[in-house]
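Heads up: the structure comes next, in structure tokens.
Numbering (the numbering used here), first residue to last: 1316 to 1750.
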């Protein structure tokens, strides 16, 4: 609803008509502004309607002034703080006294002072966060990240056998830094470091570690990154269980080694890192080999290799000796002599077989000759018979086939001769003779 401002007397006895003010801040102009008191009252009214809110933070400053105390709460993850006023009776209800570094939750209500235009945050209740509650929160976060697969062994990168350059994130001039560098150089004197110092506890730790991690991960000369911190209370190590830092380590392309606290300390960073070292000293032992041990390994490997080669040579020498000791190699002519004897025997058998075949063939020929001779007409001639042939070569079988005065040719067993026929006596008929 618009307000009116009553007029004031003007010059020469004239009066000014009252102004109608803008209903909202957006309607104000240079010619029709709000009075400061109106703005302050509206801000007071608006802020008074705001609800109280529970917040979480860490006490970084604490000053007591009579019945009121003034403290500064800082966010546990990012660089952001807020001044808070708390009355003594509220602090008394917390039980254990608050100190700088305490982790608390507080119920805050905004309060605006119109006279000074000052906005304050008043704590109506403040409670220290107990160890049990912190552990429960960390356990829930660990289960959530585990369900997302951030702890899966298949996601972990293999560390190089001998890193070219080691990135080290740790506190400035800390024992952890000295332990890592000293023990790495004891094992491998030529190792090189890129050291980045930042806060490793408190609200500045998470952004500092994440910033250095991103820079080292982007450097191609860095082969492995070590995040190291000495021991401390659970509250001191809380930054290394921060979700944002854990996710940044999981996304890094360079292998990351977690070396936080002692063996019993297990921040969530240990679960997501590519290698978890129980202490900074243990990290130094696991990221580089021991030069003396590697030298002994080389000597041992060389000795084993020489022994293996000698065993092979000895075995081959034994095989060669065994082959050379065989009769065929001890007296090579034995093989020739054996084949010569075998060849002579084969020749002998071949001659015998040939002679036997010839003799058998001769016997067969003789037998066939005897058979032929026994059937030959000459055998008949041998008994005194003769073959009489005419001039035409016809055998004379009947006396009637020739006549007196003819010449015939006579074949006898030993030679032949010619004869003239002087008389022919035909053979009488068999039937007449029988009669």
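Using N, Cα and C, we set each Cβ at its ideal position, and we do this for glycine too.
Query: Take every Cβ of the region 1582-1601, pair it with every Cβ of the region 1495-1510, and state whether three or more of those distances are shorter than 8 Å.; Result: yes
Query: In this structure, how does DSSP classify residue 1361 when only helix, strand and coil are distinguished?; Result: helix
Query: Residues in the same chain with beta-carbon distance under 8 Å from residue 1546, minus the five sequence neighbours each way, listed in chain order, please.; Result: 1576, 1577, 1580
Query: In whole angstroms, what separates the C-alpha of residue 1520 from that of residue 1413?; Result: 22 Å
Query: Quick check on DSSP: helix, strand or coil for residue 1398?; Result: strand
Query: Provide the residue span of the alpha helix (DSSP H) that contains residue 1681, from first to last.; Result: 1648-1690
Query: Specify the secondary structure class of residue 1366 as computed by DSSP and reduced to three states.; Result: coil
Query: So does the region 1471-1484 actually touch the region 1532-1547, counting three or more Cβ pairs closer than 8 Å?; Result: yes
Query: Using a Cβ-Cβ cutoff of less than 7 Å, which residues in the same chain neighbour residue 1749 once the five nearest sequence positions on both sides are dropped?; Result: Its pLDDT being 44, under 50, residue 1749 is placed unreliably in this model, and the value from its coordinates should be taken loosely. So the list is empty, once near-sequence residues are dropped.
Query: Could you pull the start and end residues of the beta strand (DSSP E) that residue 1742 belongs to?; Result: Taken as a continuous stretch (DSSP letters only), residue 1742 belongs to no beta strand (DSSP E), as it is neither H nor E.
Query: Applying the 10 Å Cβ sphere with the 16-neighbour rule, what's the burial state of residue 1651?; Result: exposed
Query: Taking the straight line between their C-alpha atoms, what separation do you get for residue 1330 and residue 1352?; Result: Since pLDDT at residue 1330 reaches only 48, below the 50 mark, its modelled position is unreliable, and no value is offered.
Query: By DSSP, does residue 1352 sit in helix, in strand, or in coil?; Result: helix
Query: Where residue 1548 and residue 1582 are concerned, what is the direct C-alpha to C-alpha distance, given to the nearest angstrom?; Result: 11 Å
Query: Taking three-plus beta-carbon pairs below 8 Å as touching, is the region 1390-1398 in contact with the region 1512-1528?; Result: yes
Query: Can the beta-carbon of residue 1400 be found less than 8 Å from the beta-carbon of residue 1436?; Result: yes
Query: Extract the residue ranges of the beta strand (DSSP E) inside the region 1589-1631, only unbroken runs of 3 or more that lie entirely within it.; Result: none
Query: Take residue 1360 as the anchor and find which of 1434, 1715, 1415 has the nearest alpha-carbon.; Result: 1434
Query: Please tell me whether residue 1571 and residue 1585 are closer than 8 Å, where the distance is taken between their beta carbons.; Result: no
Query: Between the alpha carbons of residue 1417 and residue 1402, how many angstroms are there, rounded?; Result: 18 Å
Query: Assess contact between the region 1419-1429 and the region 1354-1373, defined as three or more Cβ pairs (one per stretch) separated by less than 8 Å. Is contact present?; Result: yes
Query: Between which residues of its own chain and residue 1558 is the CB-CB distance below 7 Å, once the five residues before and five after are set aside?; Result: 1456
Query: What is the DSSP secondary structure of residue 1483, counted as helix, strand or coil?; Result: strand
Query: Exposed or buried, which one is residue 1322 when buried takes at least 16 other CB atoms within 10 Å?; Result: Since pLDDT at residue 1322 reaches only 43, below the 50 mark, its modelled position is unreliable, and no value is offered.
Query: Say whether the region 1617-1635 touches the region 1502-1516, bearing in mind that this needs 3 or more beta-carbon pairs closer than 8 Å, one atom from each stretch.; Result: no
Query: For residue 1583, does the three-state DSSP call read helix, strand or coil?; Result: helix
Query: Terminal residues of the continuous alpha helix (DSSP H) containing residue 1492?; Result: 1490-1502
Query: Relative to the alpha-carbon of residue 1701, which residue among 1390, 1740, 1686, 1734 has its alpha-carbon at the smallest distance?; Result: 1734
Query: Using three-state DSSP, classify residue 1320 as helix, strand or coil.; Result: Residue placement at residue 1320 is poorly supported in this model, since its pLDDT is 45, which falls under 50; the coordinates still yield a value, given next. In this structure, residue 1320 counts as strand in the three-state DSSP scheme.
Query: From residue 1688 to residue 1656, what distance separates their C-alpha atoms?; Result: 47 Å
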